[in-house]
Every structure is written in structure tokens, then in C-alpha cells.
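Peer 1:
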Amino acid sequence: MPVRAALSLSILSLSVAFVGPLLAQIPSSPGSFICSYTGGKAAPDVICSPTTPSNGHAERVVDRILKPIGLLRNFKVIECANTSNCFATVLKGQRFIVYDGAFMAQIEEETETDWSAISIMAHEIGHHLQGHTIDGRGGQPIKEIEADKFSGFVLHQLGASLEDATVAVKALGDEHATSTHPAKPARIEAIRKGWLEAEAMYPKSRTAVKTPTAMAPKPMSTNTSLAASSRPVVAPAAPVRRAGNRVTVGCVSGDCQDGTGVFVYPTLERYAGEFEEGDKHGEGTEYYADGKVKYKGNFRDNLRSDYGVYYYRNGDKYVGWFQNNIPNGKGTYYFADGDKIVATFKNGQPVQ
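Each residue of the sequence shown is one higher than the last, beginning at 613 in my numbering.
1. Would you mind working out which of 924, 702, 724 sits nearest residue 737, comparing C-alpha positions?
2. Between residue 956 and residue 768, what straight-line distance do the alpha-carbon atoms span, to the nearest angstrom?
3. Decide if residue 716 is buried, meaning its Cβ has at least 16 other Cβ atoms within 10 Å, or exposed.
4. Going by the beta-carbon positions, is the gap between residue 907 and residue 882 smaller than 8 Å?
5. By the three-class DSSP mapping on this structure, what secondary structure does residue 915 have?
6. Hey, residue 945 and residue 953 are a contact pair by Cβ (cut 8 Å); roughly how many whole angstroms apart?
7. Rounded to whole angstroms, what is the Cα-Cα separation between residue 776 and residue 912?
8. Confirm, please, whether the CB-CB distance from residue 708 to residue 732 is below 8 Å.
9. What are the start and end residues of the beta strand (DSSP E) that includes residue 771?
10. Residues bridged to residue 933 by DSSP?
11. Spatial neighbours of residue 796 within its chain, please: C-beta separation below 8 Å, excluding the five flanking residues on both sides.
12. Please name the residue in 734, 719, 729, 695 whose C-alpha comes closest to that of residue 681.
13. As an exercise, report each continuous beta strand (DSSP E) stretch of at least 3 residues that is fully enclosed by the segment 662–726, in chain order.
14. Rounded to the nearest angstrom, what separates residue 813 and residue 871 at their Cα positions?
15. Go through the segment 857–901 residue by residue and report every complete run of the beta strand (DSSP E) that reaches 3 residues or more, in order.
16. My understanding is that residue 712 touches residue 695, with C-beta atoms under 8 Å, so please give their C-beta distance in whole angstroms.
17. Below 7 Å CB to CB, which residues in the same chain sit around residue 798 once its five sequence neighbours on both sides are set aside?
18. Determine, using beta carbons only, whether residue 678 and residue 685 come nearer to each other than 8 Å.
19. With DSSP as the reference, label residue 746 as helix, strand or coil.
20. Could you check if residue 889 is buried or exposed, using at least 16 other CB atoms within 10 Å of its CB as the buried criterion?
21. Is residue 805 buried or exposed, if buried means 16 or more other CB atoms sit within 10 Å of its CB?
22. So which of 772, 792, 794 has the shortest CA-CA distance to residue 808?
Shown next, in the form of C-alpha cells:
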């Protein structure tokens with residue numbers, strides 16, 4: 613059975629047979645930890661029993677969430693009605709994941725995907741595995757960010773797209789930060805970072821998820837004959853004619869050897885900027901054949917280097933650091949539709 617189907621929220625329709633009276637009130641004392649996914653507080657009359665046995669099926673589903681990262685469950689999973697949330701907490705020294713089945717089913721229905729409920733569960737699991745529930749410091753925004761990043765990583769490993777991984781927080785997150793929870797944009801960014809970190813380590817979902825179509829221009833060839841063809845040629849063998857009009861190829865103005873000039877290539881792309889020994893070196897701008905800007909920034913020995921901006925044909929844009937002609941270092945990749953990836957890039961790919 614596919615992982616996603618196995619995790620389908622049969623987990624949320626579980627009924628837990630409570631044994632004995634409902635004795636243990638959810639803690640609310642200073643320093644106690646209760647992470648509610650939405651940031652709201654549990655009602656004072658919400659009472660659950662710490663002696664309730666964990667539900668076997670719920671534990672098996674949680675174990676499927678943990679399996680891709682090689683960790684073992686160290687908490688009990690129980691259902692507690694009327695909480696309208698999902699919690700990670702500690703009662704009498706025992707770690708718990710407490711969830712409201714009706715609430716989880718509702719978010720599934722609203723988002724029209726079971727990934728929303730799975731990501732919530734993964735978030736709460738993250739609190740336990742990262743020790744947030746036992747440090748005595750209570751709820752903190754940084755803990756939520758870490759748990760969100762964890763959920764993004766896990767959902768990637770389960771096969772979710774980046775959109776799937778963020779659907780719950782987009783539906784339930786608060787637009788404004790609170791004393792315990794960051795604002796929605798910060799949480800979305802944390803999930804994105806976790807998902808991208810997993811993708812960098814285990815790239816297997818690119819066909820199903822929108823990713824940069826050309827994260828980096830290919831590095832220039834190290835073959836001497838090919839590399840030479842990419843350098844400015846001060847005296848081309850022959851001019852190029854196009855549409856009946858004579859088009860000059862080569863250095864059309866200025867000093868393209870050691871100075872500032874404009875050079876037109878046989879492809880009709882051109883470069884305007886600083887040269888050193890016939891190479892692009894210093895500040896300059898590359899243009900596509902149609903005159904639109906291709907790259908604006910710095911060059912070293914004919915290669916894009918240091919800081920610059922690269923404009924892709926599809927409307928995407930990379931702003932950041934380059935080395936050997938490709939993104940290397942801190943930068944931001946902007947999608948044409950407004951989304952973006954803020955990361956450190958290595959050989960053209962985001963690594964964090």
C-alpha cells in the first residue's frame with residue numbers, strides 16, 4: 613500500500629477506549645509545555661487520562677512517519693475530544709501526543725487532502741523528538757519554527773510536495789505572531805526549509821513539485837578550444853547579416869581588451885562592461901539577443917563571479933552570489949509567480 617494511503621486519516625477516525633475516570637487535567641502551569649498547532653489555549657475543562665493505553669493503530673501510523681528518519685517513538689498517542697486541536701505535552705513524566713479526531717478530520721475536509729492532518733501530527737512529533745516538551749521553558753516561537761522545519765523534512769520523505777507540506781499551516785496559521793507562535797509567513801518558510809533540506813539530501817520529488825527550471829547557467833567548458841570561443845574576439849572572421857540589415861559582431865564600441873566596451877557575439881547576445889586582457893572582468897551586463905537583460909553583476913576571468921542578478925527566460929530570477937559562472941553562496945531564487953527560495957546555494961542548487 614502506498615505510504616500516503618497508509619497514512620490516510622484512518623488515524624483520525626480512531627476511537628480510544630478510556631479506562632477508568634478522566635483524571636489528569638492538561639497542564640497549564642508556568643514552564644509546562646503544551647504545543648497546540650494553531651496556537652490557541654486548551655479549554656480549562658478539557659481533561660484526559662494519562663493512564664489511557666496508547667492506541668495500537670495510531671502508534672503504527674506514527675511509526676510510519678518516523679521510519680524515514682530512523683527514529684523511534686518515545687511518547688503515547690491518545691485521542692481527546694473537544695480540544696479542537698492537536699497537542700504535544702507531558703503528563704506525570706510521560707510524553708503524549710493528544711489529538712482531537714473531529715478537528716483533524718475537519719482540516720482534512722477543508723484542505724481536501726490528508727497531508728494537512730499528517731503534517732500537523734509530524735509537527736507535534738517534532739516537539740517531542742527535539743526535547744521541547746521537557747526543557748521547562750514552556751512554549752516559544754523558536755520551538756514552533758523547529759517543529760515546522762521537522763514536519764517539512766518528514767513530509768518530503770513521505771512523498772508530499774512542498775505545497776502539500778504547507779497546506780495545514782496556510783489554513784490554520786495566524787497572520788500575527790504571539791508569545792508562543794510565529795506569524796504564518798515565518799512558519800511557511802520554516803516548513804519550506806525543512807522540505808528543501810530533505811530534497812537536497814534525497815532528490816526524488818522534483819517532477820511533482822515546482823522547482824527552479826534552470827537553477828544555474830551551466831559552467832563554461834574547460835575544453836580549451838570551446839572556452840576560447842566564449843571569449844570576446846576582437847576581430848571576427850566575418851560580420852553577420854540578419855533580416856537584410858548588417859549587424860556588427862565583435863567589439864562595437866569602447867575598449868574590449870583592457871577597458872570598458874560593448875561586445876556583440878555571433879549569437880547576437882552582447883556584453884557591456886569592463887574588460888581585462890580580452891576577458892569580461894569587473895562590473896558588466898549581459899543581454900539576450902532580443903535586448904533583454906540576461907545578467908547584471910560582477911565577472912572574473914570571463915565568468916560570472918561574486919554578486920549579481922541572473923534573469924531567466926521564463927521570468928524567474930536569481931539574486932545572490934556566483935562562483936565559476938553559477939550560483940554559489942547565499943542567494944534568493946524568485947519564481948515568476950511570486951514564490952521564492954532563500955537559501956545557501958552550492959553548484960547552483962539550494963542546500964539549506
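Where a beta carbon is used, it is the ideal one built from N, C-alpha and C, also for glycine.
Peer 2: Let's see:
1. The residue labelled residue 737 in the question sits at position 125 within the sequence shown. Cα-wise, what sits closest to residue 737 is 702.
2. Position 344 of the sequence shown holds residue 956. Position 156 of the sequence shown holds residue 768. Cα to Cα, the separation comes out at about 19 Å.
3. Position 104 of the sequence shown, counted from the start, is the residue given in the question as residue 716. By the neighbour-count rule (16 or more Cβ atoms within 10 Å), residue 716 is buried.
4. Within the sequence shown, the letter at position 295 stands for residue 907. Within the sequence shown, the letter at position 270 stands for residue 882. No.
5. Translated into the one-based positions of the sequence shown, residue 915 becomes position 303. Correct three-state label for residue 915: strand.
6. Within the sequence shown, numbered from 1, the residue matching residue 945 stands at position 333. Within the sequence shown, numbered from 1, the residue matching residue 953 stands at position 341. 4 Å between Cβ atoms; contact.
7. Walking along the sequence shown from the start, residue 776 turns up at place 164. Walking along the sequence shown from the start, residue 912 turns up at place 300. Their backbone Cα atoms lie some 41 Å apart in a straight line.
8. Translated into the one-based positions of the sequence shown, residue 732 becomes position 120. Translated into the one-based positions of the sequence shown, residue 708 becomes position 96. Result no, Cβ atoms of residue 732 and residue 708 do not sit closer than 8 Å.
9. Against the sequence shown, residue 771 aligns to sequence position 159. Segment: none, residue 771 is in no beta strand (DSSP E) and carries neither H nor E.
10. Counted from its first residue, the sequence shown places residue 933 at position 321. DSSP output for residue 933 lists 919 as bridge partner(s).
11. Taking the sequence shown and counting its residues from 1, one reaches residue 796 at position 184. Result list for residue 796: 781, 782, 785, 786, 787, in chain order.
12. Sequence index remark: in the sequence shown, residue 681 carries index 69 (1-based). When only C-alpha atoms are compared, the closest one is 734.
13. 688–691, 698–703, 706–711
14. Here residue 813 refers to the residue found at position 201 when the sequence shown is read from its first residue. Here residue 871 refers to the residue found at position 259 when the sequence shown is read from its first residue. Approximately 44 Å between the Cα atoms of the pair.
15. 857–859, 862–866, 872–876, 882–888, 891–899
16. As a position in the sequence shown, residue 712 is number 100, starting the count at 1. As a position in the sequence shown, residue 695 is number 83, starting the count at 1. At roughly 4 Å, the Cβ-Cβ gap stays under 8 Å, so residue 712 and residue 695 are in contact.
17. Locating residue 798 in the sequence shown gives position 186, counting from the first residue. The residues are 757.
18. Walking along the sequence shown from the start, residue 678 turns up at place 66. Walking along the sequence shown from the start, residue 685 turns up at place 73. Yes. Within cutoff.
19. Within the sequence shown, residue 746 is the residue found at index 134, counting from 1. Residue 746 falls in the coil class under three-state DSSP.
20. Walking along the sequence shown from the start, residue 889 turns up at place 277. Result: exposed.
21. Counted from its first residue, the sequence shown places residue 805 at position 193. Label assigned to residue 805: buried.
22. In the sequence shown, the residue the question calls residue 808 occupies position 196. The candidate whose alpha carbon is nearest that of residue 808 is 772.
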